[in-house]
Amino acid sequence: MSLLVVGLSHRSAPVSVLERASLSADAKTKLLHDTLAAEPATEATVLATCNRIELYADVDKFHAGVAELSTLLAQHSGVALEELTPYLYVHYEDRAVHHLFSVACGLDSMVVGEGQILGQIKDALALGQELHSAGRLINDLFQQALRVGKRAHSETGIDRAGQSLVTFGLEQLAVGTPVAEWARGKRALVIGAGSMSSLAAATLARVGVAEIAVANRTAERAERLAEILVASGTGVTALAIPMAEVADELTRVDVVVSCTGATGLVLTADDVLAAVSWGAAGLAPAERQERGAAPDPAPHTPAGLDADVLARLVAAAEAGGRLADAGAARTISAPADAEADGCPVGLDGRSALTGVDANSLELHGTWADQGEAAAQRQPRRSARTQAHATDVRLALLDLAMPRDIDAAVHRIPGVRLVDIESLAEASADAPMAADVDAVRGIVAQEVAAFGAAQRAAHITPTVVALRAMAAEVVAMEVARLDGRLPDLDERQRAEVTQTVRRVVDKLLHAPTVRVKQLASEPGGAGYADALRELFDLDPQTVASVSRADAADPKNDDDPGRAS
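FYI, in the working numbering the residues of the sequence shown are 1 to 563.
Written out as structure tokens, the structure reads:
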């Protein structure tokens with residue numbers, strides 16, 4: 001076994017790098033094709049989730065394999081190799097197995113113990129099988145990883161050590177309030193209808209939201225998810241809406257969960273700002289225009305923000321092509337030394353904004369953004385968790401990678417955003433359950449067993465070739481005996497043949513059993529070479545046995561067996 005994994009995850013790289021390095025479905029396919037075309041790799045698959053990208057391969061040269069896999073990851077992710085390299089990690093042979101088994105058990109997840117990774121591992125195996133890039137090693141490895149993950153969840157309380165990313169995200173939105181209490185009676189919008197979005201919708205229904213709207217680019221999938229939610233028995237009202245109506249739907253809902261495969265933003269800061277500005281008036285902007293209604297003279301505004309100030313900021317933003325939300329946020333509570341720092345609006349933000357032109361607003365936005373950049377150099381958790389959940393007009397949970405929701409929306413008063421990056425920060429402080437130690441023990445046991453099985457399997461073709469050679473020697477000697485003793489009858493000839501075979505089998509039994517035992521131990525890979533050297537076995541014969549064994553349908557792994 002020469003298993004190599006090269007990758008990056010939320011533990012090794014910032015979310016901004018993971019976001020840029022994310023792989024589309026086409027990119028994963030091309031990556032695997034190019035990996036097989038590379039000289040060091042004979043089989044491969046890729047495990048790509050919202051917080052990890054890992055390329056697994058069976059290689060014949062370690063250093064060449066690391067260089068090739070790293071280069072391929074950079075090429076297909078679109079991040080330059082020199083920029084990507086500091087965030088890459090490499091695991092080889094038993095360490096690579098240990099890493100994948102730990103991932104399968106949820107030990108390496110952003111939320112320790114979550115079980116969604118098992119489905120993602122299964123998808124990675126299915127992709128390798130579909131593209132015929134997964135050979136015996138990758139099949140064995142990923143099938144066993146699925147079994148180990150299920151064993152960890154069934155034999156320990158690892159589920160108590162963590163939750164799904166969705167549940168953890170909702171807890172962050174609730175800001176210390178019990179999720180069921182926080183969610184009761186709320187209206188929610190779920191954008192996307194894939195596995196994560198479906199889990200989010202089911203979780204929202206379970207914790208007590210009153211209504212869920214589902215938006216997806218494929219309308220049929222959104223409708224199907226809505227039907228499942230209605231039939232779930234939770235009492236939730238669910239409906240599917242077109243993606244074109246998402247902006248209007250934002251004005252009606254309290255919670256949004258987004259997880260799509262889009263490569264660009266699904267919700268911009270302008271979308272969210274418009275939604276929280278008009279949401280309390282009861283009609284979406286499009287509906288107002290359709291009905292000929294005049295704008296509400298006093299639309300809903302985030303707590304503490306003057307409606308006239310907001311209107312001026314929105315108008316200036318539209319004219320200048322940028323979102324001037326920072327101006328509103330900062331002028332309400334401008335620091336005492338604002339003029340000294342160069343703020344063009346001055347200390348009294350509300351009065352100073354009267355009559356100010358778009359250029360000055362732009363300068364003020366720049367000043368505010370500089371303050372924001374300085375604030376972001378401090379721990380972001382404190383900045384995002386200051387407001388209580390009851391002060392939030394619109395709660396946003398972004399589980400996509402790359403992100404679906406503009407990160408700038410967290411600067412809009414009345415809006416709370418939880419995304420992959422803030423989840424990573426929050427999970428760093430999550431308590432670890434004692435069951436984690438038990439899972440680590442299971443992983444250690446399973447890694448040892450898998451390594452022993454693989455090493456034993458590695459010597460099996462050599463043992464088979466040795467026995468085949470011995471059988472050929474027996475056949476040749478029996479044929480020569482027939483020439484020397486032509487008068488032997490069939491019964492005598494059969495008895496002599498059986499005796500010779502029995503002698504050869506007994507002579508080979510102890511050494512072949514022992515060599516398999518020795519080969520299964522760490523460092524036992526050299527026993528196959530020693531056996532070939534001692535008995536002068538033809539390497540081509542051993543290789544042909546290996547190919548025949550790999551092609552035997554009885555030895556193929558069933559992808560559904562561990563599902």
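Heads up, the beta-carbon is just placed ideally off N, CA and C, and yes, glycines get one too. None of the values given here were measured: they were computed from a predicted structure.
- DSSP three-state call for Glu-114: helix, strand or coil? The residue you call residue 114 lines up with position 114 of the sequence shown. Looking at Glu-114 - three-state DSSP - the assignment turns out to be coil, as it is neither helix nor strand.
- Classify Thr-42 as helix, strand or coil using the three-state DSSP reduction. Residue mapping note: residue 42 aligns to position 42 of the sequence shown, counting from 1. Secondary structure at Thr-42: strand, using DSSP grouped into helix, strand and coil.
- Task: Ignore the nearest five residues each way along the sequence and tell me which others in Asp-108's own chain have a CB closer than 6 Å to its CB.
- Result: The residue you call residue 108 lines up with position 108 of the sequence shown. Excluding sequence positions up to five before and after Asp-108, its CB lies within less than 6 Å of the CB of Ser-102, all in the same chain and listed in chain order.
- Message: Please list the terminal residues of the continuous beta strand (DSSP E) segment that includes Asp-58.
- Response: Here the question's residue 58 lines up with position 58 in the sequence shown. Here the beta strand (DSSP E) through Asp-58 covers 52-59.
- Message: With the cut-off set at 9 Å, would you say Ala-275 and Ala-244 are in Cβ contact?
- Response: One-based indexing of the sequence shown puts residue 275 at position 275. One-based indexing of the sequence shown puts residue 244 at position 244. Taking C-beta atoms as the reference points, Ala-275 and Ala-244 fail to come closer than 9 Å.
- Message: Looking at Ser-197: is its Cβ nearer than 9 Å to the Cβ of Val-209?
- Response: Numbered from 1 along the sequence shown, position 197 holds the residue referred to as residue 197. Numbered from 1 along the sequence shown, position 209 holds the residue referred to as residue 209. Val-209 is positioned such that its CB atom lies no closer than 9 Å to that of Ser-197.
- Message: Do Val-447 and Asp-94 have their beta-carbon atoms positioned less than 9 Å apart in this structure?
- Response: Residue 94 sits at position 94 when you count from the first residue of the sequence shown. Residue 447 sits at position 447 when you count from the first residue of the sequence shown. In contact: Asp-94 and Val-447 (Cβ atoms closer than 9 Å).
- Message: Considering only heavy atoms of the ligand SAM, does any lie closer than 8 Å to the CB of Ala-193?
- Response: Absent from the structure shown: the ligand SAM. Ligands present: none.
- Query: Between Ala-74 and Leu-84, which are expected to be in contact by the criterion C-beta below 8 Å, what is the C-beta distance as a whole number of angstroms?
  - Reply: As a first step, residue 74 must be located in the sequence shown, where it is residue number 74. As a first step, residue 84 must be located in the sequence shown, where it is residue number 84. Sure, about 5 Å apart at Cβ, within 8 Å.
- Runs of alpha helix (DSSP H) lying entirely within the region 243-284, each at least 4 residues, in chain order: Whole alpha helix (DSSP H) segments, 4+ residues: 246-249, 269-278.
- Looking at Tyr-87 and Pro-14, is the spacing between their C-beta atoms short of 9 Å? The residue you call residue 14 lines up with position 14 of the sequence shown. The residue you call residue 87 lines up with position 87 of the sequence shown. When the beta-carbon positions are compared, Pro-14 and Tyr-87 come within less than 9 Å of each other.
- Query: With distances taken between CB atoms, is the gap from Val-236 to Ser-164 smaller than 9 Å?
  - Reply: Sequence index remark: in the sequence shown, residue 236 carries index 236 (1-based). Sequence index remark: in the sequence shown, residue 164 carries index 164 (1-based). In this structure, Ser-164 does not lie closer than 9 Å to Val-236 by Cβ.
- beta strand (DSSP E) containing Asp-239: first to last residue? Position 239 of the sequence shown, counting from 1, holds the residue named residue 239. The sequence shown places Leu at residue 239, rather than the Asp named in the question. Looking at the DSSP string, the run of the beta strand (DSSP E) that includes Leu-239 is 237-241.
- Measure how close the beta-carbons of Leu-508 and Arg-467 come, nearest whole angstrom, since I'm counting them as under 8 Å. Within the sequence shown, numbered from 1, the residue matching residue 508 stands at position 508. Within the sequence shown, numbered from 1, the residue matching residue 467 stands at position 467. The pair is a contact, with the Cβ atoms about 7 Å apart (cut-off 8 Å).
- Query: If we ignore side chains and look at the alpha-carbon of each, how far apart do Leu-173 and Ala-240 end up?
  - Reply: For the purposes of this step, residue 173 is identified with residue 173 of the sequence shown, where counting begins at 1. For the purposes of this step, residue 240 is identified with residue 240 of the sequence shown, where counting begins at 1. In a straight line, the C-alpha of Leu-173 is about 24 Å away from that of Ala-240.
- So, helix, strand or coil for Gly-7, using DSSP? Indexing the sequence shown from 1 puts residue 7 at position 7. The three-state reading of DSSP puts Gly-7 in strand, counting E and B together.
- Query: Applying the criterion that 16 or more other CB atoms from any shown protein chain within 10 Å of the CB defines a buried residue, is Ala-475 buried or exposed?
  - Reply: The residue you call residue 475 lines up with position 475 of the sequence shown. Under a 10 Å Cβ-count criterion, Ala-475 is classified as exposed, with fewer than 16 other Cβ atoms of the shown protein chains found around its own Cβ.
- Task: For Val-256, collect the residues of the same chain with a Cβ closer than 6 Å to its Cβ; drop the 5 residues on either side in sequence, then sort them by chain order.
- Result: Taking the sequence shown and counting its residues from 1, the one referred to as residue 256 is at position 256. Cβ within range, chain order: Leu-189, Leu-396.
- Message: Using a Cβ-Cβ cutoff of less than 7 Å, which residues in the same chain neighbour Glu-171 once the five nearest sequence positions on both sides are dropped?
- Response: Counted from its first residue, the sequence shown places residue 171 at position 171. Only Val-179 meet the Cβ criterion.
- Message: Using a 10 Å radius around the Cβ and a threshold of 16 neighbouring Cβ atoms, would you call Lys-506 buried or exposed?
- Response: As a first step, residue 506 is located in the sequence shown; it is residue number 506 there, counting from the start. Classification of Lys-506: exposed, given that the 10 Å Cβ count is below 16.
- Message: Across the region 140-159 and the region 111-122, are there enough close Cβ pairs to call them in contact, namely three or more that are closer than 8 Å?
- Response: Result yes; three or more Cβ-Cβ pairs closer than 8 Å.
- Answer yes or no: do Leu-55 and Leu-69 have a C-beta to C-beta separation smaller than 9 Å? Along the sequence shown, one-based indexing puts residue 55 at 55. Along the sequence shown, one-based indexing puts residue 69 at 69. Yes. Within cutoff.
- Selection from Ala-231, Leu-31, Ala-438 that minimises the alpha carbon distance to Ser-154: Taking the first residue of the sequence shown as position 1, residue 154 is located at position 154. The option with the nearest alpha carbon to Ser-154 is Ala-438.
- Task: Within the same chain, show all residues whose beta-carbon is closer than 6 Å to that of Val-90, passing over the 5 residues directly before and after it, in chain order.
- Result: Here residue 90 is taken as the residue at index 90 of the sequence shown, counted from 1. Val-6, Val-66, listed in sequence order.
- Item | Run of the beta strand (DSSP E) containing Tyr-92, from where it starts to where it stops | Sequence index remark: in the sequence shown, residue 92 carries index 92 (1-based). Judged by DSSP secondary structure, Tyr-92 falls within the beta strand (DSSP E) whose first and last residues are 89-92.
- Task: Measure how close the beta-carbons of Ile-405 and Asp-419 come, nearest whole angstrom, since I'm counting them as under 8 Å.
- Result: Here residue 405 refers to the residue found at position 405 when the sequence shown is read from its first residue. Here residue 419 refers to the residue found at position 419 when the sequence shown is read from its first residue. Between Asp-419 and Ile-405 the Cβ distance is about 7 Å, and since that is below 8 Å, they are a contact.
- Task: Out of Thr-499, Thr-268, Arg-502, Leu-531, state which residue places its alpha-carbon closest to the alpha-carbon of Arg-514.
- Result: Reading the sequence shown from its first residue, position 514 is the one you call residue 514. Selected option, being the one with the closest Cα: Leu-531.
- What is the residue span of the alpha helix (DSSP H) that Ala-444 lies within? Locating residue 444 in the sequence shown gives position 444, counting from the first residue. Per DSSP, Ala-444 belongs to the alpha helix (DSSP H) from 435-484.
- Task: Could you tell me the boundaries of the beta strand (DSSP E) in which Arg-567 lies?
- Result: Residue 567 is absent from the model: the chain starts at 1 and stops at 563.
- Considering only C-alpha positions, which residue in the set Leu-100, Lys-28, Leu-32, Ala-21 is nearest to Ala-80? On the sequence shown, position 80 is the one that residue 80 refers to. Ranking Leu-100, Lys-28, Leu-32, Ala-21 by Cα distance to Ala-80 puts Ala-21 first.
- Query: Shortest alpha-carbon distance to Tyr-527 belongs to which of Thr-462, Leu-485, Gly-113, Val-478?
  - Reply: The sequence position of residue 527 within the sequence shown is 527, counting from 1. The shortest CA-to-CA distance from Tyr-527 to any of Thr-462, Leu-485, Gly-113, Val-478 is the one to Thr-462.
- Query: Between the C-alpha atoms of His-33 and Ser-133, what's the straight-line distance to the nearest angstrom?
  - Reply: Within the sequence shown, the letter at position 33 stands for residue 33. Within the sequence shown, the letter at position 133 stands for residue 133. His-33 and Ser-133 have their C-alpha atoms roughly 8 Å apart.
- Message: Judging by CA-CA distance, which residue of Val-415, Ala-444, Met-401 is the nearest neighbour of Glu-421?
- Response: Here the question's residue 421 lines up with position 421 in the sequence shown. Distance from the Cα of Glu-421 is smallest, within the candidate group Val-415, Ala-444, Met-401, for Met-401.
- Can you list, in chain order, the residues of its chain whose CB lies under 8 Å from that of Leu-23, leaving out five sequence neighbours each side? In the sequence shown, residue 23 corresponds to position 23, counting from 1. The answer, listed in chain order, is Leu-31, Val-46, Ala-48, Ile-53, His-76, Ser-77.
- Roughly how many angstroms separate the alpha carbons of Glu-490 and Thr-497, rounded to a whole number? Numbered from 1 along the sequence shown, position 490 holds the residue referred to as residue 490. Numbered from 1 along the sequence shown, position 497 holds the residue referred to as residue 497. One C-alpha to the other measures close to 10 Å.
- Candidates Leu-394, Leu-4, Ala-262, of which the one nearest Ser-277 by Cα: Residue mapping note: residue 277 aligns to position 277 of the sequence shown, counting from 1. Ranking the options by Cα distance to Ser-277, first place goes to Leu-394.
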